[in-house]
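Reading through the structure tokens given below for one structure.
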Amino acid sequence: MKLQRHGTIACLALTAVLGLSACGSDNNEPAGTSASGSASAADCAKGTLNAQGSSAQKNAMAEWIKAYQQKCAGTTINYEPTGSGAGIQAFIAGTADFAGSDSALKEEEKPQADAKCATGQALNLPMVIGPVAVVYNVDGVDNLQLTPTTLAKVFAGKVTKWDDAAIKADNPNAKLPATAIQTVHRSDESGTTDNFTKYLAKTATADWTFGNNKAWKAPGGVGAAKSDGVASKVKSTVGTISYVEWSYAENSGLKKAKIQNGAGEFTELTADSAGKTIARAKIEGQGDDLKMAIDYSTKEAGAYPIVLVTYEIVCSKGLAADKLPLVKGLLGHAASAEGQADLVELGYAPLPDSVRTKVEAAVKNLG
């Protein structure tokens, strides 16, 4: 599946100046309608909305904004893919109406984020599942498979050649070159990094001793800014390996490794295999705060284990009167069955309906 969304992505980058209503549409449906029928006037609002954060959810946000603005004239919605850490800081500073983040708010961030919400609290609302692909560029190797232990050793700098015994053991039938391994990580604070390192910390404790963080902590390797930069670096450099949200791997035509799950299976990344892992996830937040906990060691048959939940960080109460209808309208569309269904071709796994309906209800409760 090679994703053909470059026009949408380029258009998104211009929204700091222009609304996406000036951009082309893939389906050319008339304004005021959608695939499921007419848009409700109650769902539409006029004005300007500014948000930023996760670059992993940029493609999803572009699709949601495009669809919402097709239905609702008179809106300008700007989403800047500055990274999860920057998005949360912008939300705390009051320069973003909501933030996109690939990690839920941390304990030290929550009080500051709550303070932004004068009469409420900051909520973590999961919006879509962003599987994390392990991407690589090695001549002659097309079906790489890796155990969590080998993956941890590679990114910890303990395995430095592609023909290392550990990689050979995972790939007994592959012809592996003696090329040096160059790991690539995010140079900016990233929820994708936080989730990838959390996966390593949970599944390969003996070989990954750097914990999890939005900032890369392990020594060695080279950094690249944003998801686009990581994908570009791997595509252009032989011998590299990295982690990137699935849609970027697809758009760049990168090779993706099969990863061993808790049942011992080497599984390919698909919407179905990622969805099986999320089906095991638990909601650990309270009320409308829907923070989720993922079982990275899932033994579900056919499950792909490296997945992240991409959230919208938004105030439960206290949104400005001119922003509230627009936030509820956009996020309501994102959480709808229609909004979720639109994401499969973009390289995301939709929320399980049992989670989606809770998110939809939480958005309706915003005030």
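Numbered by this note's numbering, the letters in the sequence shown go through residues -5 to 361 in order.
A virtual CB, placed ideally from N, CA and C, is assigned to each residue, including glycine.
Item to check | Pairwise C-alpha distance: Ser49 and Lys249 | outcome: The sequence position of residue 249 within the sequence shown is 255, counting from 1. The sequence position of residue 49 within the sequence shown is 55, counting from 1. Distance between the alpha carbons of Lys249 and Ser49 is about 20 Å.
Checklist entry - Should the region 328 to 341 be called in touch with the region 229 to 243, which here means at least 3 C-beta pairs below 8 Å? => result yes
Item to check | Simplified DSSP assignment, three categories, for Ile123 | outcome: Here residue 123 refers to the residue found at position 129 when the sequence shown is read from its first residue. Of the three classes helix, strand and coil, the one that applies to Ile123 here is strand, per DSSP.
Checklist entry - Out of Arg350, Cys309, Asp316, Lys317, which has the shortest C-alpha to C-alpha gap to Asp108? => result The residue given as residue 108 occupies position 114 in the sequence shown. Nearest C-alpha to Asp108: Cys309.
Item to check | Beta-carbon contacts of Asp316 that lie in its chain and below 8 Å, excluding the five residues immediately before and after | outcome: By one-based count along the sequence shown, residue 316 stands at place 322. Correct list, in chain order: Gly41.
Next on the checklist: For Val321 and Tyr305, what's the separation of their Cα atoms in angstroms?
Outcome noted: As a first step, residue 321 must be located in the sequence shown, where it is residue number 327. As a first step, residue 305 must be located in the sequence shown, where it is residue number 311. Each residue's Cα considered, the two are about 14 Å apart.
Next on the checklist: With three or more beta-carbon pairs closer than 8 Å as the criterion, would you say the region 179 to 186 touches the region 112 to 119?
Outcome noted: no
Item to check | Ser136 burial status per 10 Å Cβ neighbour count (16 or more: buried) | outcome: Here residue 136 corresponds to residue number 142 of the sequence shown, with the count starting at 1. According to the sequence shown, residue 136 is Asp rather than Ser. Per the 10 Å Cβ criterion, exposed.
Item to check | Proximity winner among Pro344, Asp37, Met286, Lys162, relative to Ala98 (alpha-carbon distances) | outcome: The count along the sequence shown starts at 1 and reaches residue 98 at position 104. It is Met286.
Checklist entry - For Val153, which residues from the same chain have a beta carbon less than 6 Å from its beta carbon, with the 5 sequence-adjacent residues on both sides left out? => result As a working mapping, residue 153 is identified with position 159 in the sequence shown. So the qualifying residues of the chain are Lys147, Ala160.
Next on the checklist: Buried or exposed for Pro213, going by 16 or more other Cβ atoms inside 10 Å?
Outcome noted: As a position in the sequence shown, residue 213 is number 219, starting the count at 1. With fewer than 16 other Cβ atoms within 10 Å, it is exposed.
Checklist entry - Ends of the beta strand (DSSP E) at Ile235? => result Taking the first residue of the sequence shown as 1, we reach residue 235 at position 241. Looking at the DSSP string, the run of the beta strand (DSSP E) that includes Ile235 is 234 to 239.
Checklist entry - So, are the CB atoms of Thr292 and Gly269 less than 7 Å apart? => result Here residue 292 corresponds to residue number 298 of the sequence shown, with the count starting at 1. Here residue 269 corresponds to residue number 275 of the sequence shown, with the count starting at 1. It is not a contact, given that the beta carbons lie outside the stated cut-off.
Item to check | Rounded Cβ spacing between Asp157 and Pro171 (contact assumed at less than 8 Å) | outcome: As a position in the sequence shown, residue 157 is number 163, starting the count at 1. As a position in the sequence shown, residue 171 is number 177, starting the count at 1. Yes, they are in contact, since the Cβ atoms of Asp157 and Pro171 sit about 6 Å apart, within 8 Å.
Item to check | For Leu284 and Val353, believed in contact at Cβ under 8 Å, the rounded distance | outcome: For the purposes of this step, residue 353 is taken as residue 359 along the sequence shown, with counting starting at 1. For the purposes of this step, residue 284 is taken as residue 290 along the sequence shown, with counting starting at 1. So it is a contact: roughly 6 Å between Cβ atoms.
Checklist entry - So Trp202 and Ala209 are in contact, right, with Cβ under 8 Å, and what is the actual spacing, rounded? => result The residue given as residue 202 occupies position 208 in the sequence shown. The residue given as residue 209 occupies position 215 in the sequence shown. Wrong, their Cβ atoms sit about 15 Å apart, outside the cutoff.
Item to check | Buried/exposed call for Gly205, threshold 16 Cβ in 10 Å | outcome: For the purposes of this step, residue 205 is taken as the residue at position 211 of the sequence shown. That one is exposed.
Checklist entry - Does DSSP put Ser330 in a helix, in a strand, or in coil? => result Locating residue 330 in the sequence shown gives position 336, where the first residue counts as 1. Ser330 falls in the coil class under three-state DSSP.
Item to check | Inside the region 120 to 193 only - beta strand (DSSP E) runs reaching at least 3 residues | outcome: 176 to 180
Next on the checklist: Quick check on the DSSP output: the alpha helix (DSSP H) that includes Gly269 runs from which residue to which?
Outcome noted: As a working mapping, residue 269 is identified with position 275 in the sequence shown. Its alpha helix (DSSP H) spans residues 265 to 272.
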